[in-house]
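Contents: one structure, followed by commentary.
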Amino acid sequence: MTLAQRQKQIVEDINRLGDCLEQFSYLTAIAGELPCAPDDLYQAENLVSGCQSKVWLRLEFPDGCAHLDADSDTLIMKGVLYLLYELLEGCLAQEIAQTEITLFAQTELTAAFPESRSRGLRAILSQLRQSACNYINHPAENTVGEN
Amino acid sequence: MKMQNIRDDYPILHQSVHGCPLVYLDNAATLQMAEPVLQSIAAHYHSHNANVHRGVHALSRRSTEAMESSRKTVRDFLHAAEEREIIFTSGTTDGINILARLLPEVLLSEGDEVIVSAMEHHSNLIPWQEACRRSGAVLRICPLTERGDLDMEAFGAMLSDRCKIVAVTWVSNVLGTVNPIAEITALSHDAGACVVVDAAQAMRQDCVDVRSLDCDFLVFSGHKLGSLTGIGVLYIRADWLSRLSCPAFGGGMLQSADYQSAVFETAPFCYEAGTPHYVGCISLACALEHLSAVGLDEIEQWEANLLSHTEQLLREISEVEILGVPTKRSGCVSFRVKGAHSYDVGLMLDAQGVAVRTGYLCAQPLLDHLGVGQVVRVSPAFYNTVEELDYFQRALKQTVFRLKGRII
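Here the protein sequences come in this chain order: V and P.
Taking the numbering used here, I'd label the letters of the first sequence as residues 538 to 684.
Taking the numbering used here, I'd label the letters of the second sequence as residues 3 to 410.
Here it is in structure tokens:
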């Protein structure tokens with residue numbers, strides 16, 4: 538399944554849930570599915586700073602395919618990160634660099650990002666894309682996107 | 003009190019958010035603007051607008067008269083002695099920053115002390131940190147009691163002839179604690195210190211009489227009273243006006259100037275360089291007049307009822323922990339849901355149409371000191387209803403239910 542197809546499916550799943558409260562509840566439920574992150578994720582360079590919730594994020598391509606380590610101190614944001622994990626895990630860097638992530642805009646989930654977080658959302662998406670681009674330009678480096 | 007009529011003055015309250023009727027309980031952050039205030043702003047731009055103070059033409063005169071009449075309205079509201087004691091600023095933060103720049107010049111030397119309380123908003127803490135850093139003075143923090151009141155015994159013990167400035171909030175923006183400002187002022191003056199009162203959260207909880215408080219300085223923001231944002235007031239008691247220098251320089255604050263020097267205007271104009279936010283001033287006066295028309299005593303009483311009802315509703319939910327039990331609480335009550343992050347609680351409430359504030363509430367040192375981290379704050383205003391608060395409780399119960407068992 539392509540990244541675009543996966544994204545379409547996730548958007549359909551979320552929008553079937555109906556209103557914002559149900560979507561947030563779903564996020565808190567799937568938050569527990571996010572795999573435990575390794576200890577070395579919790580470094581300043583992987584922290585996407587927002588006003589109220591902390592997000593740690595690192596996209597690597599250990600064998601040419603994407604592997605996302607992520608965590609947050611809030612359930613809703615952890616749920617959001619799980620959606621990104623579902624979307625990106627195992628994808629090729631080329632595909633991530635070329636596909637626009639629109640699942641937030643196509644659902645009510647932008648409401649999960651108040652103003653300070655909207656900057657955070659942009660930061661998350663641009664960090665993911667940057668990681669993919671860096672890998673395409675420097676495939677020899679296993680870990681990318683930490684700047 | 004005719005609540006339904008009052009709500010008619012606030013069209014913004016009659017809307018849906020995420021498909022639910024809006025329940026706006028974030029009034030400590032900003033009070034909504036009443037229709038008459040909105041109309042006065044529109045009318046000014048529609049018929050009278052021009053830059054103030056220097057124009058000879060009719061519109062400029064009208065604009066100037068409206069602004070200076072606003073100063074008089076503010077003076078009356080504060081029961082200040084003179085209009086020149088009323089300085090328009092961009093808000094509470096601006097007012098405190100002006101004082102934290104000007105007061106050290108005439109008061110602080112190395113080893114002197116500034117006292118603030120442990121419950122200060124960042125805006126009444128960080129400017130004094132910087133003032134102390136620059137002057138070599140020591141910043142001292144007056145502790146709180148277990149209940150969340152200011153520890154007046156500790157405060158009395160901290161005062162000495164080294165203390166030159168006491169800067170304290172009248173009402174805490176987190177705990178809602180109402181501090182005994184008149185008593186603080188009397189004790190501070192006995193020790194030889196001047197008193198800066200942060201009244202940002204205090205303007206609707208009591209009759210504000212700067213002469214009976216006997217404070218040296220008092221600051222507040224207009225938008226918490228229903229005016230435009232970007233306008234606030236710095237009250238400077240008249241005897242200080244000749245002692246302080248000007249906070250900024252430029253147009254509007256000069257009597258005359260040559261290439262090398264200038265003669266400054268007298269107060270209040272020497273404190274208001276540049277084109278003042280005159281429409282903000284006009285909106286502030288209109289907001290104060292509107293509050294007075296609703297009835298200040300009625301507002302105080304109704305808001306006290308709503309707050310105590312809020313507290314009662316919160317106590318009925320076993321997962322909720324309320325911050326503090328101050329002797330007198332006003333304006334807001336803050337809480338956390340055991341094990342849950344305030345961000346998740348706030349978003350789930352928003353999803354049900356309820357607007358509250360979450361996070362550190364610009365008082366991170368206090369919340370860290372209390373060991374609670376980020377919190378949720380509810381701040382009802384006079385245009386809220388008991389039914390809205392009951393709905394808030396249902397939404398919070400729903401939120402707690404949905405978060406239960408999923409705590410990180």
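Built from N, CA and C at the ideal position, the CB exists for glycine as well.
Item                                                                                                                                                                                             : Value
To the nearest whole angstrom, what separates the beta carbons of P:Ala-133 and P:Leu-110, a pair I think is in contact under 8 Å?                                                               : 7 Å
Excluding the 5 residues flanking P:Ala-269 on each side, which residues of the same chain have their C-beta closer than 6 Å to its C-beta?                                                      : Arg-86, Leu-243
Quick check on the DSSP output: what are the complete alpha helix (DSSP H) runs of length 4 or more inside the segment 136-201 of chain P, in order along the chain?                             : 154-160, 183-193
I'd like the span of the alpha helix (DSSP H) that includes P:Val-339, first residue to last.                                                                                                    : Run containing P:Val-339: none in the alpha helix (DSSP H); it sits in the beta strand (DSSP E), 335-339.
Got a sec? Which residues, its chain only, sit under 7 Å from P:Val-374 by beta carbon, not counting five neighbours each side?                                                                  : Leu-325, Arg-338
Of all the residues that make up the segment 344-370 of chain P, which are near chain V by a beta-carbon distance shorter than 9 Å?                                                              : Ser-344, Tyr-345, Asp-346, Gly-348, Leu-349, Met-350, Asp-352, Ala-353, Gln-354, Thr-360, Gly-361, Tyr-362
Got a sec? Which residues, its chain only, sit under 6 Å from V:Asn-684 by beta carbon, not counting five neighbours each side?                                                                  : Note on V:Asn-684: pLDDT 38, under 50, position unreliable in the model; no value is reported.
Nearest chain V C-beta to P:Leu-405 closer than 8 Å, yes or no?                                                                                                                                  : yes
Please state whether DSSP places V:Pro-573 in a helix, a strand or coil.                                                                                                                         : Per the sequence shown, residue 573 of chain V should be read as Cys rather than Pro. In this structure, V:Cys-573 counts as coil in the three-state DSSP scheme.
Could you tell me which whole alpha helix (DSSP H) segments of length 4 or greater appear in the segment 350-393 of chain P?                                                                     : 366-372
By the DSSP assignment, the alpha helix (DSSP H) with V:Thr-565 in it spans what residues?                                                                                                       : 557-567
Between V:Lys-615 and V:Ala-581, what straight-line distance do the alpha-carbon atoms span, to the nearest angstrom?                                                                            : 18 Å
The alpha helix (DSSP H) spanning P:Ser-310 covers which residue range?                                                                                                                          : 298-317
For a test of the three-state rule: what should DSSP assign to P:Gly-282, helix, strand or coil?                                                                                                 : helix
If you draw a straight line from the C-alpha of P:Glu-302 to the C-alpha of P:Ser-229, how long is it?                                                                                           : 19 Å
Determine the contact status of P:Gly-178 and P:Pro-23, defining contact as a CB-CB distance below 8 Å.                                                                                          : no
Pairs of beta-carbons, one from the segment 561-573 of chain V and one from the segment 30-43 of chain P, closer than 8 Å: are there three or more?                                              : no
Could you give the residue range of the beta strand (DSSP E) that holds V:Ala-607?                                                                                                               : 604-609
For P:His-48, return the contacting residues in chain V, with the cut-off set at a CB-CB distance below 8 Å.                                                                                     : Ordered by position in chain V, no residue passes the 8 Å Cβ test against P:His-48, which lies about 31 Å from the chain.
Please go through the same chain and pick out, in chain order, the residues whose beta-carbon is closer than 8 Å to the beta-carbon of V:Lys-545, but skip the five residues on each side of it. : none
With distances taken from CA atoms, which of P:Glu-112, P:Ser-263, P:Gly-276 is nearest P:Arg-56?                                                                                                : P:Gly-276
Can you pull the chain V residues whose beta carbon is under 7 Å from the beta carbon of P:Gly-21, in chain order?                                                                               : Asp-556
Per DSSP, what are the beta-bridge partners of P:Arg-239 in this structure?                                                                                                                      : Paired residues: none, contrary to the question.
Could you round the C-beta distance between P:Leu-308 and P:Asn-181 to whole angstroms and report it? I think they count as a contact, below 8 Å.                                                : That pair is no contact at about 21 Å.
Which of the three DSSP states, helix, strand or coil, is assigned to P:Cys-217?                                                                                                                 : coil
Does the Cβ-Cβ distance between V:Leu-596 and V:Leu-665 come in under 8 Å?                                                                                                                       : yes
Could you spell out where the beta strand (DSSP E) holding V:Arg-595 opens and where it closes?                                                                                                  : 592-597
Would you please state the rounded distance, in angstroms, between the beta carbons of P:Val-1 and P:Val-347? I believe it to be under 8 Å.                                                      : Outside the modelled stretch of chain P, which goes from 3 to 410, sits residue 1 of chain P, for which no answer is possible.
Taking a cut of 7 Å between CB atoms, which residues from the segment 314-340 of chain P lie near chain V?                                                                                       : none
Whole beta strand (DSSP E) runs in the segment 240-266 of chain P with 3 or more residues, listed along the chain?                                                                               : 256-259, 264-266
Is there a Cβ of chain V sitting closer than 8 Å to that of P:Arg-245, yes or no?                                                                                                                : no
Measuring only the C-alpha atoms, how far is V:Leu-594 from V:Thr-644?                                                                                                                           : 22 Å
Would you report the Cα separation of P:Lys-226 and P:Glu-107, rounded to the nearest angstrom?                                                                                                  : 31 Å
Counting pairs of Cβ atoms below 8 Å between the segment 167-178 of chain P and the segment 118-131 of chain P, do you hit three or more?                                                        : yes
Give me the chain P residues within the contact set of V:Ser-668, using Cβ-Cβ distance strictly less than 8 Å, ordered along the chain.                                                          : Within 8 Å Cβ-Cβ: nothing; V:Ser-668 doesn't reach chain P, min ~25 Å.
Could you list which residues in chain V have their beta carbon closer than 8 Å to that of P:Arg-408, in chain order?                                                                            : Thr-565, Ala-566, Ala-568, Gly-569, Leu-612
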